[in-house]
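Only one structure is covered here, and it is reproduced in the block below.
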Amino acid sequence: MAIRAAVSRVKPASFPSSHMELLRIVLVANPSQQQISHLPLLYSPRARIGEGTPAALELRRRYHDGRPRGPLWRGKKMIGKEALFVILGLKRFKDDEEKLGKFIKTHVLRLLKMDKIAVLIELERQEEVDLALKIFRIIQEEDWYKPDVYLYKDLIVALAKCKKMEEAMQIWESMRKEELFPDSQTYAEVIRGFLRYGSPADAMNIYEEMKKSPDPPEELPFRILLKGLLPHPLLRNRVKQDFEELFPERHIYDPPEEIFGMR
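Just remember that our numbering sits 300 ahead of the position in the sequence shown, which is counted from 1.
Written as structure tokens, this is what we have:
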């Protein structure tokens, strides 16, 4: 009753404009948890009434304004403040080699191991592949670095998606020199990248290398090739024969030849 009397004395025209003013009104009565359970939710989510007490926990539990509780950026919790600062700085100076070099020396090189890897992964996600390539080269020079197929794979896939096929193949050769072998997804993305790049011959070279892989074959790289080689019937027939031998129960759609001018 004391709470309601305190609130009722506040005229609508002079209703508190901030949560701190409303907080002072509520604290007049020093409410118990039972009284608070009947109190209208007129407070700000940032207000703290005896923080840590059961009453405060009850208030916080009941209040929800529809906004997300966590960050919208997936993976942001895994990236430290220094790593986030470095990502922004790299993107800011990427068009100025002199400033970029100074920023790398003063900020990137002093990052911890996990921060460097987090920067690399985030740059790949944002398709800043030129910057990602620089960070990857820096990581390779670290004392703690050990060849990792997943670091190679993610970078190759990111480069292929951005049609940076020359750089992708340089990383590919580096991976092979370290006796690491790509998986089916890596083969598929590189094949797809060469087809987008307009180099079906290079795509077929990767395909021939894939057939020698000790891993069991998967459908995805074959289907990407079969789709991308529609304008090249001779190459497509080679892939189609291999596909039918490896996956006899699967079917392939062959569009009419007139669509691509094949007579």
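The C-beta atom is built at its ideal place from N, Cα and C for all residues, glycine as well.
At which residues does the alpha helix (DSSP H) containing D502 begin and terminate? Taking the sequence shown and counting its residues from 1, the one referred to as residue 502 is at position 202. First-last of the alpha helix (DSSP H) with D502: 500-511.
Determine the closest residue to L390 out of G380, H407, K381, with distance taken between C-alpha atoms. Here residue 390 refers to the residue found at position 90 of the sequence shown. Nearest C-alpha to L390: H407.
Write down the C-beta distance between D430 and E382 rounded to the nearest angstrom, noting that I regard them as a contact closer than 8 Å. Along the sequence shown, read from residue 1 onward, the residue named residue 430 stands at position 130. Along the sequence shown, read from residue 1 onward, the residue named residue 382 stands at position 82. Going by Cβ atoms, the distance from D430 to E382 rounds to 21 Å, so no, they are not a contact pair.
Between which two residues does the alpha helix (DSSP H) holding P555 run? Residue 555 sits at position 255 when you count from the first residue of the sequence shown. Note, P555: premise wrong, no alpha helix (DSSP H); not H, not E.
Contact check, Y452 vs M475, beta carbons under 7 Å: Mapped onto the sequence shown, residue 452 falls at position 152. Mapped onto the sequence shown, residue 475 falls at position 175. A contact, by the Cβ cut-off of 7 Å.
Rounded separation between Q541 and E518 - CA only: Locating residue 541 in the sequence shown gives position 241, where the first residue counts as 1. Locating residue 518 in the sequence shown gives position 218, where the first residue counts as 1. Their backbone Cα atoms lie some 15 Å apart in a straight line.
Could you tell me if H532 is buried or exposed, where buried requires 16 or more neighbouring beta carbons within 10 angstroms of its beta carbon? Taking the sequence shown and counting its residues from 1, one reaches residue 532 at position 232. Buried, by the Cβ-count rule.
Integer Cβ distance of K461 from G498, believed to fall under 8 Å: Counting from one through the sequence shown, the residue named residue 461 turns up at place 161. Counting from one through the sequence shown, the residue named residue 498 turns up at place 198. Wrong, their Cβ atoms sit about 16 Å apart, outside the cutoff.
List the endpoints of the continuous alpha helix (DSSP H) containing D415. Sequence index remark: in the sequence shown, residue 415 carries index 115 (1-based). For D415, the uninterrupted alpha helix (DSSP H) run begins and ends at 413-425, by DSSP.
Residues of its chain near W444, where Cβ-Cβ distance is below 7 Å and the 5 sequence neighbours each way are ignored: For the purposes of this step, residue 444 is taken as residue 144 along the sequence shown, with counting starting at 1. Cβ within range, chain order: K413.
Starting from E382 and walking both ways along the alpha helix (DSSP H), at which residues does that stretch end? Residue mapping note: residue 382 aligns to position 82 of the sequence shown, counting from 1. Run containing E382: 381-393, per the alpha helix (DSSP H) assignment.
Relative to the C-alpha of K511, which candidate in I491, G528, L530 has its C-alpha closest? Walking along the sequence shown from the start, residue 511 turns up at place 211. The option with the nearest alpha carbon to K511 is I491.
By Cβ distance below 8 Å, which residues in the same chain neighbour L495 in space, the five residues on each side in sequence not counted? Taking the first residue of the sequence shown as position 1, residue 495 is located at position 195. Cβ within range, chain order: A503, I524, L525, G528, L529.
Can you tell me where the alpha helix (DSSP H) with R410 in it begins and where it stops? Here residue 410 refers to the residue found at position 110 of the sequence shown. For R410, no alpha helix (DSSP H) run applies, since DSSP gives it neither H nor E.
CB contact flag (I438, I456, <7 Å): Along the sequence shown, one-based indexing puts residue 438 at 138. Along the sequence shown, one-based indexing puts residue 456 at 156. Result no, Cβ atoms of I438 and I456 do not sit closer than 7 Å.
Assign F543 to one of three DSSP states: helix, strand, or coil. Mapped onto the sequence shown, residue 543 falls at position 243. Residue state, collapsed to three classes: helix.
Straight-line CA distance for A432 to L423? In the sequence shown, residue 432 corresponds to position 132, counting from 1. In the sequence shown, residue 423 corresponds to position 123, counting from 1. Going by the C-alpha atoms only, they are around 5 Å apart.
Quick one: Cα of E466 to Cα of E544, how far? Working through the sequence shown from its first residue, we reach residue 466 at position 166. Working through the sequence shown from its first residue, we reach residue 544 at position 244. Going by the C-alpha atoms only, they are around 32 Å apart.
Burial state of K405, where buried means 16 or more other Cβ atoms lie within 10 Å: Translated into the one-based positions of the sequence shown, residue 405 becomes position 105. Burial call: exposed.
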